[in-house]
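Chemist: Counting from 2, one number per residue, gives the positions in the sequence shown under this note's numbering.
Quick reminder that beta carbons are idealized off the backbone N, C-alpha and C, glycines included.
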Amino acid sequence: MRTPLLAGNWKMHKTPSEARVWFAEFLEANPALQGGGRAAVEVALLPSFPLLPVAAEQLAGSGVAWGAQDVSAHSFGAYTGEVAAEQLADLGCRYAVVGHSERRAYWNESDALVAAKARRAMEAGLVPILCVGERLEEREAGRAVAFTLEQLAGSLEGVELATGEELVIAYEPVWAIGTGKTASSGDAQAMAAAIRGFLAERFGEAVAARTRILYGGSMKPANTAEILAGPDVDGGLVGGASLEVASFSAMVEAAG
Ligand SMILES: O=C(CO)COP(=O)(O)O
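(1) Can you give me the Cβ contacts of residue 225 inside the same chain, cut-off strictly under 7 Å, excluding the 5 residues immediately before and after it?
(2) Quick one: any contact between the stretch 46 to 63 and the stretch 12 to 31, if contact means 3 or more CB pairs under 8 Å?
(3) Given a cut-off of 8 Å, decide if residue 4 and residue 43 are closer than it, judged by their beta-carbon atoms.
(4) Tell me which residues share the same chain as residue 100 and place their Cβ nearer than 6 Å to its Cβ, disregarding the 5 neighbours each side in the sequence.
(5) Per DSSP, residue 43 is paired with what?
(6) Please determine, among 33, 10, 21, the residue with the shortest C-alpha to C-alpha distance to residue 98.
(7) Find the nearest neighbour of residue 107 within the set 78, 152, 175, judged by alpha-carbon distance.
(8) For residue 219 and residue 182, which I take to be in contact (beta-carbon distance under 8 Å), what is that distance rounded to the nearest angstrom?
(9) Under 7 Å: does the beta carbon of residue 14 sit that close to some heavy atom of ligand 1?
(10) Measure how close the beta-carbons of residue 1 and residue 12 come, nearest whole angstrom, since I'm counting them as under 8 Å.
(11) To the nearest angstrom, how far is it from the Cα of residue 173 to the Cα of residue 162?
(12) Can you grab the Cα-Cα spacing for the pair residue 204 / residue 46, in whole Å?
(13) Roughly how far, in whole angstroms, is the beta-carbon of residue 214 from the beta-carbon of residue 186, given that I think they are within contact range, below 8 Å?
(14) Measuring only from the beta carbon, is residue 219 closer than 7 Å to any heavy atom that is part of ligand 1?
(15) If you follow the beta strand (DSSP E) that residue 217 is in, where does it begin and where does it stop?
(16) Can you tell me the Cα-Cα spacing of residue 191 and residue 79, whole angstroms?
(17) Looking only at its chain, what residues have a beta carbon closer than 8 Å to the beta carbon of residue 250, apart from the 5 residues adjacent to it on each side?
(18) DSSP on residue 162, reduced to helix/strand/coil?
(19) Tell me the residue span of the beta strand (DSSP E) that contains residue 80.
(20) Could you check if residue 76 is buried or exposed, using at least 16 other CB atoms within 10 Å of its CB as the buried criterion?
(21) Which of the three DSSP states, helix, strand or coil, is assigned to residue 114?
(22) Looking only at its own chain, which residues have a Cβ that is under 7 Å from the Cβ of residue 241, when we skip the five neighbours before and after it?
(23) Quick check: what's the CA-CA separation for residue 7 versus residue 248?
Listed below in structure tokens is the structure:
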């Protein structure tokens, strides 16, 4: 019922020229993605803003979706340096990440701001990929689930999914990002199940049943199948391992 989603978050890597080569090589390495895509797994790439027109040009008509790593909480206006959800939608973006832990940590993004970004993204027809997850101190204090659900509640303030809008949740434990440490498949599944339970209370069973919950944090080809085996884990948000055509292709294979 839920098609798994494997999304590559490139963070602040690659130039537009490098992206052009990468997209071409990736489609060549994945013939099934050149046309309508693979039925078993949805693939998306989330490069930084200046690379999105390149993605739109090269990935249009393929089975690979694209999206942004952030979006403004504002609509059009005098907001220097911001990028409006409508601008992303016009570039064919399907997704916009909101609340990545790097933005929460380095730019002090609050749950309220993340919620405002999610609402704006949805108003423009984008699907937010809303990131949540505990730091090592909360996990060690036995508060991982409580912390993550509280963060999720705050980050969904005012978000409504009554009329079929879509939302993706990404559980990314901060201590697992870029560290080579992953949550065990059991811990990832337990958190995903807790998140689904929260979604059922907040939005109802039907929304909870159709909403995809991803895991992120040091995913690589060797651990993809095991992490995705959890019944509530519906895909992955991949950082470092999405930068190389070979490793991301191997993960698409493992996920599909
Ligand atoms: O932050 C992440 C994806 O958004 C995960 O990054 P890594 O896969 O590099 O650990």
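Modeler: Taking the geometry as given:
(1) 237, 252, 255, 256
(2) yes
(3) yes
(4) 115, 131, 132, 156
(5) 6
(6) 10
(7) The residue with the shortest Cα to Cα distance from residue 107 is 175.
(8) 6 Å
(9) no
(10) Residue 1 lies beyond the range of the chain shown here (2 to 257); nothing can be said about it.
(11) 22 Å
(12) 28 Å
(13) Rounded, the Cβ-Cβ distance is 14 Å, inconsistent with contact.
(14) yes
(15) 213 to 217
(16) 44 Å
(17) 27, 30, 31
(18) coil
(19) From DSSP, residue 80 is part of no beta strand (DSSP E); its letter is neither H nor E.
(20) exposed
(21) Here residue 114 sits in helix by DSSP.
(22) 179
(23) 13 Å
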